[in-house]
Amino acid sequence: MKINIINDSDMDTSQFEPLVGSLCGHAQDVLGYSEHPNIRFVSDPRNYGMLSKTAEYDPANMTVSVYVDGRHPKDILRSIAHELVHHHQNERGDLSGATTGHGYAQKDPHMRDMEGEAYHTGNLKVFRDWEDRIKQESPSIYNERRIRKMSLKEWKNKELNRLLMEKWGFGKKIDTKKDSKEKLNETNEKK
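The opening position of the sequence shown corresponds to residue 303 in this note's numbering, with each subsequent residue numbered one higher.
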């Protein structure tokens, strides 16, 4: 099933969108929701700050809006995973009649439970399990620990030695024919 991604942000999300699709597919498998929500990337200078919103879910339009300015792609994906749990809650009917004004997660016990589920399930079962699967399926130098074949001290000594040898002219290939001609020319010039 195709995911409708709307980019209303200043960020180029074209290389990022396949990961969003993969994450949404995984979330649908784990959570069991029937229809994918819209995913909307948003730039909003008024929402730029340390404790600003990172994302929100609109149950009426089945849309996840993610604020992307100044954020790491992994953090954006984590926010999407959280909001996908809210989408699943909406399909189950758990969000009908709920209010989400300021402090709703502290004032309404039911909504506090909904947030708790979204944090736990979104971060662990949706995002973390998806991330670990991606890393296992596509190992690369960017997502796997490297096997260190020499200690830091050994590497430092080897690198220092290489740089000094290069500086002093050792280890360079010497063109003996060229050197012989230069010496011969120098000798002829002195005479």
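Glycine included, C-beta positions come from ideal geometry on N, C-alpha and C.
query = How big is the Cα-Cα spacing for ILE449 and LEU321?
reply = Any reading at ILE449 is ruled out, since the residue's pLDDT is 49, under 50, leaving its predicted position unreliable.
message = I need the boundaries of the beta strand (DSSP E) containing ASN363, first residue and last residue.
response = First-last for ASN363: undefined, no H or E at that position.
request  = Tell me, please, whether the segment 365 to 377 touches the segment 338 to 355 by the rule of three or more beta-carbon pairs shorter than 8 Å.
outcome  = yes
ask   = Does the distance from the C-beta atom of MET416 to that of TYR406 stay below 7 Å?
value = no
query = CA-CA distance, ASN306 and LYS458?
reply = 51 Å
query = Can you list the alpha helix (DSSP H) stretches of 4 or more residues lying completely in the segment 306 to 357, in chain order?
reply = 319 to 333
key: N- and C-terminal bounds of the alpha helix (DSSP H) containing ASN463   = 454 to 470
query = For VAL428, which beta-bridge partners are listed by DSSP?
reply = Beta-bridge pairing links VAL428 to no other residue.
request  = Assuming PHE343 contacts VAL387 (C-beta within less than 8 Å), just tell me the rounded distance between them.
outcome  = 19 Å between Cβ atoms; not a contact.
key: Minimum C-alpha distance to LEU397 - residue among ASP377, LYS409, GLN408, PRO361   = PRO361
task = Have a look at ASP434, PHE472, THR402, SER453 and flag the residue whose alpha-carbon is nearest the alpha-carbon of LYS376.
result = ASP434
ask   = Between PHE318, LEU454, LYS469, GLY399, which lies nearest to ILE382 when the distance is taken from Cα to Cα?
value = PHE318
inquiry  = Can you look up ILE449 in the DSSP assignment and give me helix, strand or coil?
reply    = Here the model assigns ILE449 a pLDDT of 49, short of 50, so the residue's position is not dependable, and the following value carries that caveat. ILE449: coil per DSSP, three-state reduction.
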